[in-house]
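Residue numbers (the working numbering): 3 to 165. Note that CB positions come from ideal geometry on N, CA and C, so glycine has one too. Remember, predicted model here, so these are calculated numbers, not experimental data. Take a look at the structure below.
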């Protein structure tokens with residue numbers, strides 16, 4: 003399945019997704035969003051699942067540098083935005099790696115996990131409810147995070163979840 007995703011997402015986009023510069027990661031995520039939007043238009047959900055698996059396994063769960071994990075989180079949020087109304091059917095693949103990232107030792111990864119989940123929640127709204135208990139638990143822990151930026155991001159996510 004990952005080989006299929008490698009043929010869908012250009013190598014340059016994947017390289018930029020793990021770049022140290024945020025702008026390059028952001029632009030790569032925008033490209034992924036556009037690719038996923040096209041795939042969704044044609045009902046190519048197996049290919050979308052392959053892209054999500056690639057982002058999860060090769061980026062979000064990567065033992066390599068943390069900017070690679072951050073790129074994976076941005077990428078998962080971009081997939082959700084690209085899917086729009088069809089995102090709910092892929093939440094089982096998208097949300098768990100983001101929740102796992104809340105436990106990362108690097109505060110920047112935790113911050114990007116909050117940001118990613120915020121963007122995912124904005125797209126899926128009510129479909130998000132099945133993860134409420136896990137998200138609530140994570141938000142309780144993140145509100146006491148040692149990093150002020152993580153606390154702030156968790157607070158914004160908390161406000162969105164309560165709406």
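Q. Going along the chain, which residues of its own chain have a beta-carbon closer than 7 Å to the beta-carbon of residue 22, five neighbours each way excluded?
A. Counting from one through the chain shown, the residue named residue 22 turns up at place 20. If we look at residue 22 and ignore the five residues flanking it on each side, its Cβ neighbours are 69.
Q | Check whether residue 10 and residue 49 have beta carbons under 7 Å apart | A | For the purposes of this step, residue 10 is identified with residue 8 of the chain shown, where counting begins at 1. For the purposes of this step, residue 49 is identified with residue 47 of the chain shown, where counting begins at 1. Yes; because the gap between Cβ atoms is below 7 Å, this pair is in contact.
(Q) Closest to residue 52 by C-alpha separation, out of 161, 38 and 117, would be which residue? (A) Sequence index remark: in the chain shown, residue 52 carries index 50 (1-based). Answer by Cα proximity: 38.
Q. With 16 other CB atoms within 10 Å as the buried threshold, where does residue 27 fall?
A. Translated into the one-based positions of the chain shown, residue 27 becomes position 25. Buried, since its Cβ has 16 or more Cβ neighbours within 10 Å.
Q. By DSSP, does residue 107 sit in helix, in strand, or in coil?
A. Walking along the chain shown from the start, residue 107 turns up at place 105. DSSP places residue 107 in coil when its eight states are reduced to three.
Q | residue 34 in three-state terms, based on DSSP | A | Residue numbering aside, residue 34 sits at position 32 when the chain shown is read from its first letter. Here DSSP, grouped into helix, strand and coil, assigns residue 34 to helix.
Q.
Quick test of your reading: residue 80 and residue 32, contact by CB under 8 Å. State the CB separation rounded to the nearest angstrom.
A. Stepping through the chain shown from its first residue, residue 80 is reached at position 78. Stepping through the chain shown from its first residue, residue 32 is reached at position 30. Going by Cβ atoms, the distance from residue 80 to residue 32 rounds to 7 Å, so yes, they are a contact pair.
Q: Under 7 Å Cβ to Cβ from residue 140, same chain only, skipping five residues before and after it: list those, please.
A: Taking the first residue of the chain shown as position 1, residue 140 is located at position 138. Same-chain partners within the cutoff: 101 and 104.
Q) Below 7 Å between beta carbons: does that hold for residue 73 and residue 148? A) Here residue 73 corresponds to residue number 71 of the chain shown, with the count starting at 1. Here residue 148 corresponds to residue number 146 of the chain shown, with the count starting at 1. No; because the gap between Cβ atoms is not below 7 Å, this pair is not in contact.
Q: Return the chain-ordered list of same chain residues with a C-beta closer than 6 Å to the C-beta of residue 42, the five sequence neighbours on each side being excluded.
A: Here the question's residue 42 lines up with position 40 in the chain shown. These residues qualify, in order along the chain: 85 and 88.
Q) Can you tell me where the alpha helix (DSSP H) with residue 72 in it begins and where it stops? A) For the purposes of this step, residue 72 is identified with residue 70 of the chain shown, where counting begins at 1. Where residue 72 is concerned, the enclosing alpha helix (DSSP H) stretches over 68–85.
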